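Each remark here refers to the structure printed beneath this line.
Residue numbers (this note's numbering): 2 to 132.
Structure below.
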């Protein structure tokens, strides 16, 4: 299969081990997804920033741990919503924020509904034990 110019450029500018990022960027550019969440080793941050800026893609980087970063990229409106949620760990998202993010990332709607309901049930059980 013949490679498009975009695919050739991406292969040249992305260090080894970042093939998933390349695939995510391809999906975004083809309109398959409006928001991408890519987790990467923080040592790749300069290369990721350089690539996203070169491709004129909106992004937001939030530390995920001491070694990893969460890179949100895609449509400016989607990035602005993630910015409004705040610069916090995904594990600190409220149930509602988690639900909204899952839907924006294109996760299965019914699975997101189940996840939301489970999180709410778990929270209520904990509150009953404490209170």
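Every residue gets a Cβ at the ideal spot worked out from N, C-alpha and C, and that includes glycine.
Remember, it's a predicted structure, so these values are computed and weren't measured experimentally.
Which residues mark the beginning and the end of the alpha helix (DSSP H) in which residue i is found?
i, result
"residue 27", "20-30"
Note the first and the last residue of the continuous beta strand (DSSP E) segment covering residue i.
i, result
"residue 75", "69-75"
Would you say residue i and residue j are within 9 Å of each other, going by their C-beta atoms?
i, j, result
"residue 90", "residue 64", "yes"
"residue 107", "residue 34", "yes"
"residue 26", "residue 58", "yes"
"residue 69", "residue 42", "yes"
Can you list, in chain order, the residues of its chain with a C-beta nearer than 6 Å to that of residue i? Leave out the 5 residues immediately preceding and following it.
i, result
"residue 29", "37, 75"
"residue 105", "36, 79"
CB-CB under 8 Å to residue i, same chain, minus the five flanking residues each way: which ones, in chain order?
i, result
"residue 124", "96"
"residue 50", "60, 62"
"residue 120", "96, 99"
"residue 71", "38, 39, 40, 62, 63, 64, 65, 91"
Give me the DSSP bridge partner(s) of residue i.
i, result
"residue 36", "75"
"residue 42", "69"
Leaving out five residues on either side along the sequence, give the residues of the same chain with a beta carbon under 7 Å from the beta carbon of residue i.
i, result
"residue 84", "61"
Original post:
Could you give the uninterrupted runs of the beta strand (DSSP E) lying entirely in the segment 44-121, keeping only those of 3 residues or more?
Top reply: Qualifying beta strand (DSSP E) stretches, in chain order: 59-64, 69-75.
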